[in-house]
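Novice: Chains as they are written, first to last, in numbering that gives the first Met the number 0: chain A, 0 to 324; chain B, 0 to 117. Note that beta-carbon positions come from the ideal geometry of N, C-alpha and C, so glycine has one too. The model shown is predicted, which means the values in this text are computed figures rather than measured ones. Could you have a look at this structure, given as structure tokens, before my questions?
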Amino acid sequence: MPDKKQDLIDQSLQDLNNDGVDRRGFLKCMAWAGTGLVWTMSGGVPVSRAFARDYGKKADKGGDFTFVQISDSHIGFNKPANPDVTATLQTAINKINAMPHTPDFIIHTGDLSQLSKPSEFDTLDQTLKGLSAKQIFFVPGEHDMLTDNGEQYLQRYGKGTKGTGWSSFDHKGVHFVGLVNVANLKAGGMGSLGHEQLEWLEDDLKGRSASTPIVLFAHIPLWTIYPEWGWGTDDSEQALSYVKRFGSVTVLNGHIHQIMQKVEGKVSFHTAMSTAFPQPAPGTAPSAGPMKVPAEQLQQVLGITDVNYIVSGRSLAVIDSPLGS
Amino acid sequence: MMKKNVCLASVALPVAIAMMLLAGSSSVTANAQPSATAAEVKIDNFVFGPQTITVPVGTTVTWTNSDDIPHTSVSTEGVFKSKVLDTDEKFSYTFNKAGTYPYYCTIHPKMTGKVVVQ
Numbered sequence: 000m001p002d003k004k005q006d007l008i009d010q011s012l013q014d015l016n017n018d019g020v021d022r023r024g025f026l027k028c029m030a031w032a033g034t035g036l037v038w039t040m041s042g043g044v045p046v047s048r049a050f051a052r053d054y055g056k057k058a059d060k061g062g063d064f065t066f067v068q069i070s071d072s073h074i075g076f077n078k079p080a081n082p083d084v085t086a087t088l089q090t091a092i093n094k095i096n097a098m099p100h101t102p103d104f105i106i107h108t109g110d111l112s113q114l115s116k117p118s119e120f121d122t123l124d125q126t127l128k129g130l131s132a133k134q135i136f137f138v139p140g141e142h143d144m145l146t147d148n149g150e151q152y153l154q155r156y157g158k159g160t161k162g163t164g165w166s167s168f169d170h171k172g173v174h175f176v177g178l179v180n181v182a183n184l185k186a187g188g189m190g191s192l193g194h195e196q197l198e199w200l201e202d203d204l205k206g207r208s209a210s211t212p213i214v215l216f217a218h219i220p221l222w223t224i225y226p227e228w229g230w231g232t233d234d235s236e237q238a239l240s241y242v243k244r245f246g247s248v249t250v251l252n253g254h255i256h257q258i259m260q261k262v263e264g265k266v267s268f269h270t271a272m273s274t275a276f277p278q279p280a281p282g283t284a285p286s287a288g289p290m291k292v293p294a295e296q297l298q299q300v301l302g303i304t305d306v307n308y309i310v311s312g313r314s315l316a317v318i319d320s321p322l323g324s
Numbered sequence: 000m001m002k003k004n005v006c007l008a009s010v011a012l013p014v015a016i017a018m019m020l021l022a023g024s025s026s027v028t029a030n031a032q033p034s035a036t037a038a039e040v041k042i043d044n045f046v047f048g049p050q051t052i053t054v055p056v057g058t059t060v061t062w063t064n065s066d067d068i069p070h071t072s073v074s075t076e077g078v079f080k081s082k083v084l085d086t087d088e089k090f091s092y093t094f095n096k097a098g099t100y101p102y103y104c105t106i107h108p109k110m111t112g113k114v115v116v117q
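Laid out in structure tokens, this is it:
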């Protein structure tokens, strides 16, 4: 079975690599994404390979490094789709701690809590304390800004950020930008970055060398996946226009509780699994509500994403791992 | 339009009286109460149902969230604003002026609805 999977992945990658955004190849990739796929951006050409277990072992050479994305913990959610989201977050943490090398840091792409309650944030903090990696960067999800325009979120997780919680930092030659697209949402719209943040982003990227690898992360996808369910960001085009000149751009999102990937030119888009509950594939259910799966399958549809940066190719490789693997 | 006899405890009695009065007479002025009726909007599968609801002046509209995900019901023009409604939580607002009141879920802004008060 693994060999069969491997063949299919290789075949689909062949399709993809031949023409960049071949639809057939892309769909195949999507279908197999849940089993663990490595995306490498190398000189603007998307190169992918099947799950490489020893990939992370190389991460201590030179300036190579690994970081991990977790998303959509929804602490406080207690419905049948997953009555114990704290336990599955703990499983995710155990998985991160068991990695061959401690990641340099963690990125949480939002929906830390279910209802922005102080007790939920407290539980999250307690649970995250168990992480081997001590530095965590956050962006808020819409669930984290429910009651007070995000005041509490900002106090707890947004120290040193601007506006509603956006910020940027550099790490070993890679420029990271955390964006907020869940604040001040307009009736009938999708995610929104807003004018002030876009101006800041343009300014933040100005003057940086085009060879600097860029990682953008935000809660709601920065590409339109399914507008009927609001799975996109109304003004993401403008944000993406600012990164067009860069040779390697990786966009990491959450919100949709499933893996989706797209490569457009030099920009590689990726959404992560949730640590709490899965959501249906676009249009396959009456709504985007939590998807109930048999208990024994839950750990296959929750997961983490680790990202390896390889200095030699100025490339980032994105690997998804279900909790139950 | 849905007329329900089961309402929030705080409005159940005046509504019941008003309904009885309405049955007998078209003008209700007793106790300077506006003619009170009740209507319900269900939030189900990320949809306000019915999406447009038309009610007489004085109607108390109650939104009930039946989803496993929290929602809000917030007037686009700042007229009313629910707190965050978790599963099975309710929000009521009484419309005392005629007009059209568009609203949406601030968490999932694709969810929109309208209350038309006549």
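(1) Using 8 Å for Cβ pairs, my map puts Val114/B next to Ile52/B. What's the rounded Cβ distance?
(2) Work out the CA separation of Trp228/A and Gly109/A for me, nearest whole Å.
(3) Would you say Tyr102/B faces chain D, with C-beta separation under 9 Å as the test?
(4) To be precise: take each residue of the segment 93-115 of chain A, compare its Cβ to all Cβ atoms of chain B, and keep it if any distance is under 9 Å. Which residues remain?
(5) Taking 8 Å as the limit between beta carbons, can you name the residues of its chain near Met19/B, skipping five residues before and five after?
(6) Along chain B, in chain order, which residues have C-beta atoms closer than 8 Å to that of Gly188/A?
(7) Does Thr146/A come out as helix, strand or coil in the three-state DSSP assignment?
(8) Three or more C-beta pairs under 8 Å: does that hold for the segment 272-279 of chain A against the segment 236-251 of chain A?
(9) Within the segment 189-253 of chain A, note down every full alpha helix (DSSP H) run reaching 4 residues or more, in order along the chain.
(10) Figure out for me which residue from Gln134/A, Met189/A, Ser320/A, Gln151/A has the closest Cα to the Cα of Tyr225/A.
(11) Measure the alpha-carbon distance for Asp2/A versus Phe66/A and round it to whole angstroms.
(12) State buried or exposed for Lys94/A, treating a residue as buried only when at least 16 other CB atoms are found within 10 Å of its CB.
(13) Which of the three DSSP states is assigned to Ile118/B in this structure?
(14) Could you tell me whether the segment 78-97 of chain B touches the segment 58-70 of chain B, where touching means 3 or more Cβ pairs closer than 8 Å?
(15) At 7 Å on the CB atoms, spell out the chain A contacts of Thr105/B, in chain order.
(16) Any residues in the segment 63-96 of chain B with a beta carbon nearer than 9 Å to a beta carbon of chain A? Which ones, in chain order?
(17) Which residues, in order along the segment 43-59 of chain B, keep a beta-carbon less than 9 Å from a beta-carbon of chain A?
(18) Let me know if Gly140/A comes out buried or exposed under the rule of 16 or more other beta-carbons within 10 Å of its beta-carbon.
(19) Taking all protein chains shown into account, do 16 or more other C-beta atoms lie within 10 angstroms of the C-beta of Lys265/A, making it buried, or fewer, making it exposed?
(20) Roughly how many whole angstroms lie between the Cα atoms of Asp63/A and His174/A?
(21) Give a yes or no on whether 9 Å exceeds the smallest Cβ distance from Glu150/A to chain B.
(22) So with Cβ pairs under 9 Å, would you call Ala294/A a contact of chain B?
(23) Taking the alpha-carbon of Ser112/A as reference, which of Leu127/A, Met98/A, His100/A has the nearest alpha-carbon?
(24) Can you give the Cα-Cα distance for Leu204/A and Gln260/A, rounded to whole angstroms?
(25) Look up Ile92/A in the DSSP assignment and say whether it is helix, strand or coil.
(26) Which two residues bound the contiguous beta strand (DSSP E) that contains Gln68/A?
(27) Helix or strand or just coil, what does DSSP make of Glu76/B?
(28) Quick one: what's Ser91/B bridged to in DSSP?
(29) So, using beta-carbon positions, are Val242/A and Ile219/A closer together than 9 Å?
(30) To which residues of the same chain is Asp233/A closer than 6 Å at the C-beta, ignoring the five residues directly before and after it?
(31) Chain B partners of Pro285/A, CB-CB under 7 Å?
(32) Report the option in Tyr156/A, Tyr152/A, Leu145/A whose CA atom is closest to the CA atom of Gln134/A.
(33) Say whether the segment 144-155 of chain A touches the segment 80-96 of chain A, bearing in mind that this needs 3 or more beta-carbon pairs closer than 8 Å, one atom from each stretch.
(34) Kindly list, in the order they appear in chain B, the residues whose Cβ is closer than 8 Å to that of Trp228/A.
(35) Residues of chain B with a CB under 8 Å from the CB of Pro289/A: which are they?
(36) Buried or exposed, going by whether 16 or more other CB atoms sit within 10 Å of the CB of Ala97/B?
Specialist: In short, the structure shows the following:
(1) 6 Å
(2) 18 Å
(3) Absence of chain D from the displayed structure is noted, the protein chains being A and B.
(4) Gln113, Leu114, Ser115
(5) Its pLDDT being 43, under 50, Met19/B is placed unreliably in this model, and the value from its coordinates should be taken loosely. Nothing listed; no residue qualifies.
(6) Pro108, Lys109
(7) coil
(8) no
(9) 194-204, 235-242
(10) Met189/A
(11) Low confidence applies here, because Asp2/A scores a pLDDT of 42, under 50, leaving its location unreliable and the question unanswered by this model.
(12) buried
(13) In the structure displayed, chain B extends from 0 to 117; residue 118/B sits before or after that span and is not available.
(14) yes
(15) Leu184
(16) Asp66, Asp67, Ile68, Pro69, Thr71, Val73, Thr75, Lys82, Val83, Asp85, Thr86
(17) Asp43, Asn44, Phe45, Val46
(18) buried
(19) buried
(20) 14 Å
(21) no
(22) no
(23) Leu127/A
(24) 24 Å
(25) helix
(26) 64-69
(27) coil
(28) Thr61/B
(29) no
(30) Gly188, Met189, Ser191
(31) Asn44
(32) Tyr156/A
(33) no
(34) Phe45, Lys109
(35) Asp67, Ile68
(36) exposed
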